[in-house]
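In UniProt numbering, the protein residues as written are 1 to 99.
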């Protein structure tokens, strides 16, 4: 993953969960955190198209990751539920055998 140091000057639009610049940014966790709100005060010139593409990719990866986590969580709940039911059935079975 590409790291980039952002020199902050003026108001910056930070993507969520990113510390403010200047800082080495991991594009895949942060997207482009160092883009000035006002392009006229832009001291750090970035290739907007490239950043847009990276941001989009990061966003897609975030969405995919979120979906995957959600599915994993659901799967985990289902497995827990199945396990609990199985334990209950086994307990009932034992209770029946003991009586």
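Glycine included, C-beta positions come from ideal geometry on N, C-alpha and C. Source: prediction; values computed, not measured.
State the DSSP-derived secondary structure class of residue i, mapped to helix, strand or coil.
| i | result |
| --- | --- |
| residue 99 | coil |
| residue 83 | helix |
| residue 34 | Reliability of the predicted coordinates at residue 34 is poor, the pLDDT of 46 falling under 50, and the value obtained from them is presented with this limitation in mind. DSSP places residue 34 in coil when its eight states are reduced to three. |
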